[in-house]
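In what follows, a structure is listed as structure tokens, so that the remarks can point back to it.
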Amino acid sequence: MYAIVKTGGKQYKVAVGDKLNVEKLPVEVGQKVELTAVCVVDGDKVEADPEKAAKTVVTATVVEQFKGPKQIVFKFKKRKNYKRLRGHRQQLTRIQIDSIGKKASKKKAAEKPAADAVVAADAE
1 MYAIVKTGGK QYKVAVGDKL NVEKLPVEVG QKVELTAVCV VDGDKVEADP EKAAKTVVTA
61 TVVEQFKGPK QIVFKFKKRK NYKRLRGHRQ QLTRIQIDSI GKKASKKKAA EKPAADAVVA
121 ADAE
């Protein structure tokens with residue numbers, strides 16, 4: 001089973017146990033992150049419908065925050081004595097995929113406790 005998840009404007013194919021480098025996430029190391037699935041494939045069964053795939057959640061743990069490799073940016077204009085050399089290192093987050101599954105359905109809270117509060121107010 002694998003899923004296609006979207007984070008940082010990019011899409012990644014993930015399976016349980018995969019380690020993945022993504023754009024920096026504002027989460028501390030060791031915390032859990034929930035990613036929404038764009039597409040889910042389980043054997044022959046493919047969930048490509050956005051509404052059904054959005055009900056699937058991918059949980060991951062943040063392993064580390066780090067900088068990527070240095071990218072050199074060199075600007076040059078001929079015969080003008082213009083040269084500029086800059087470097088850039090992208091901030092990245094390494095995550096490990098823990099599980100791929102359906103979102104837990106939220107059950108509505110019973111209104112019975114609210115009714116008890118009204119009865120208690122009448123008793124006073």
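Numbering (UniProt numbering), first residue to last: 1 to 124.
Using N, Cα and C, we set each Cβ at its ideal position, and we do this for glycine too.
Q | V14 vs L20 beta-carbon contact at 8 Å | A | In contact: V14 and L20 (Cβ atoms closer than 8 Å).
Q: With distances taken Cα to Cα, identify the nearest neighbour of E64 among K32, I72, R86, K75.
A: E64 has its Cα closest to that of K32, out of K32, I72, R86, K75.
**Q.** Terminal residues of the beta strand (DSSP E) in which A15 lies
**A.** 10-15 is the span of the beta strand (DSSP E), which, as asked, contains A15.
Q) Within this structure, are the beta carbons of D27 and A3 separated by less than 8 Å? A) In the sequence under discussion, the amino acid at residue 27 is Val, which differs from the Asp named in the question. Cβ atoms of V27 and A3: not closer than 8 Å.
Q) Does the separation of the CB atoms of R94 and K70 fall below 8 Å? A) No. Outside cutoff.
Q: Please state whether DSSP places P69 in a helix, a strand or coil.
A: DSSP places P69 in strand when its eight states are reduced to three.
Q) So, are the CB atoms of F66 and L92 less than 8 Å apart? A) Between F66 and L92, the gap from beta carbon to beta carbon is short of 8 Å.
Q.
Quick check: the Cα distance between T61 and K24, rounded to an integer number of angstroms?
A. Cα to Cα, T61 sits roughly 13 Å from K24.
(Q) I need the boundaries of the alpha helix (DSSP H) containing residue 199, first residue and last residue. (A) The chain is shown only over 1 to 124; residue 199 falls outside these bounds and no answer can be derived.
Q) Between Y82 and the rest of its own chain, which residues show a CB-CB distance below 8 Å, the 5 nearest in sequence each way excluded? A) For Y82, where only same-chain residues beyond five positions count, the Cβ hits under 8 Å are K75, F76.
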